[in-house]
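Data first, discussion second: the structure below is written as structure tokens.
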Amino acid sequence: MNYVFFGTPHFAEMILERLMSAGMQPTLVITNPDRPAGRKHALTSPPVKVLAEKHGIVVYQPEKLKIENLKLKIGELQFAVLASYGKIIPKEVIDLFPRGIMVVHPSLLPRYRGATPIQSTILNGDEQAGATLILMDEKVDHGPVITQRALEFPISDSPFPKLHDELARLSANLLIEILPKFAAGEVKPKPQDETKATHTRKFVPEDAFVPAVDLKKAQNEGGEIAVAIDRKIRALNPEPGMWTLENGKRIKLLEAELVGGKLKLRKIQKEGGRPYAL
Numbered sequence: 030m031n032y033v034f035f036g037t038p039h040f041a042e043m044i045l046e047r048l049m050s051a052g053m054q055p056t057l058v059i060t061n062p063d064r065p066a067g068r069k070h071a072l073t074s075p076p077v078k079v080l081a082e083k084h085g086i087v088v089y090q091p092e093k094l095k096i097e098n099l100k101l102k103i104g105e106l107q108f109a110v111l112a113s114y115g116k117i118i119p120k121e122v123i124d125l126f127p128r129g130i131m132v133v134h135p136s137l138l139p140r141y142r143g144a145t146p147i148q149s150t151i152l153n154g155d156e157q158a159g160a161t162l163i164l165m166d167e168k169v170d171h172g173p174v175i176t177q178r179a180l181e182f183p184i185s186d187s188p189f190p191k192l193h194d195e196l197a198r199l200s201a202n203l204l205i206e207i208l209p210k211f212a213a214g215e216v217k218p219k220p221q222d223e224t225k226a227t228h229t230r231k232f233v234p235e236d237a238f239v240p241a242v243d244l245k246k247a248q249n250e251g252g253e254i255a256v257a258i259d260r261k262i263r264a265l266n267p268e269p270g271m272w273t274l275e276n277g278k279r280i281k282l283l284e285a286e287l288v289g290g291k292l293k294l295r296k297i298q299k300e301g302g303r304p305y306a307l
């Protein structure tokens with residue numbers, strides 16, 4: 030099966046690994062350039078690049094998707110799969126693929142278009158999460174739906190890392206089922222219902238701050254504020270990372286749960302120290 034795989038972080042790496050295990054290895058991987066990471070800012074390769082090179086797949090890391098360079102790299106390949114690539118794909122690049130680009134999105138579109146569908150699912154207290162495959166068009170997460178499926182269990186207590194991995198596995202399974210039909214031109218995508226569309230945004234550290242007074246109220250009184258903070262702790266860790274201030278020093282709120290309607294902190298990290306369980 031000859032196709033291009035666009036992807037960069039761990040979510041895309043999980044999907045690519047399962048595709049290769051199913052005998053659906055791409056011809057070319059396009060990922061973001063290496064970036065400085067960690068406290069020492071060491072130049073670090075994206076997870077997708079590391080996996081692709083391990084299996085001998087050709088990797089291309091353009092800073093910008095220039096059409097003239099892509100034509101040489103892509104050649105006559107009929108379609109592409111995109112999972113958490115991290116760049117906007119211009120129309121001229123989409124048009125390079127006769128069958129188009131299939132996009133993996135970890136939500137039940139048209140709900141939660143945009144950058145943070147998994148976090149938004151948790152923050153809004155949804156009981157259900159799922160994955161959708163769409164045919165890319167010029168608008169973000171707007172294209173017609175190829176297929177979608179919900180997880181087979183409730184997610185009311187799921188933290189982000191767990192839900193992230195479950196949705197990556199579900200997305201990979203959908204791709205494995207549909208790719209042969211898509212490659213053969215046998216799928217008929219259906220338009221999304223625009224009346225049900227919602228949009229997400231990227232979260233910043235300020236979104237993850239909890240005033241100490243609110244935290245104490247959630248712990249002592251419970252109620253809606255306890256529910257809201259519990260959801261934030263599950264949704265916004267590890268990034269941007271939940272935190273509060275105590276005597277002017279930052280405390281990371283790493284894990285918590287609701288006990289009798291009240292917030293119970295399970296793991297924190299004080300400024301300058303290591304994480305520890307309570």
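Residues in the sequence shown are numbered consecutively from 30, following this note's numbering. C-beta atoms are modelled at their ideal positions from N, C-alpha and C, and glycine is treated no differently.
Legend entry - As assigned by DSSP and simplified to three states, the class of ALA213: coil
Legend entry - Start-to-end residues for the beta strand (DSSP E) that takes in ILE280: 278-288 is the span of the beta strand (DSSP E), which, as asked, contains ILE280.
Legend entry - Rounded C-alpha distance that separates ILE254 from ARG260: Rounded to the nearest angstrom, the two C-alpha atoms are 10 angstroms apart.
Inset, instruction - Starting from the Cα of ARG230, find the closest Cα among VAL239, GLY302, ASP170 and give me that residue. - result: ASP170
Inset, instruction - Leaving out five residues on either side along the sequence, give the residues of the same chain with a beta carbon under 6 angstroms from the beta carbon of TYR89. - result: ILE59, LYS102
Inset, instruction - Any chance you could list the alpha helix (DSSP H) runs of at least 4 consecutive residues sitting entirely within the segment 73-143, in chain order? - result: 76-83, 96-103, 120-123
Inset, instruction - Could you spell out the range, first to last residue, of the beta strand (DSSP E) harbouring GLU156? - result: Looking at the DSSP string, GLU156 is not in any beta strand (DSSP E), and its letter there is neither H nor E.
Inset, instruction - Between the Cα of GLU46 and those of SER74, ASP63, ILE86, GLY67, spot the shortest distance and give me the residue it belongs to. - result: ILE86
Legend entry - Continuous alpha helix (DSSP H) assignments of at least 4 residues falling wholly in the segment 217-297: 241-249, 253-264
Inset, instruction - Quick one: give me the first and last residue of the beta strand (DSSP E) that ALA66 is part of. - result: 64-66
Inset, instruction - Starting from ARG47, follow the alpha helix (DSSP H) in both directions and report where the run begins and ends. - result: 39-50
Legend entry - Per-residue DSSP class, three states only, for ILE175: strand
Inset, instruction - Whole angstroms is fine: what's the gap from VAL239's alpha carbon to ALA213's? - result: 52 angstroms
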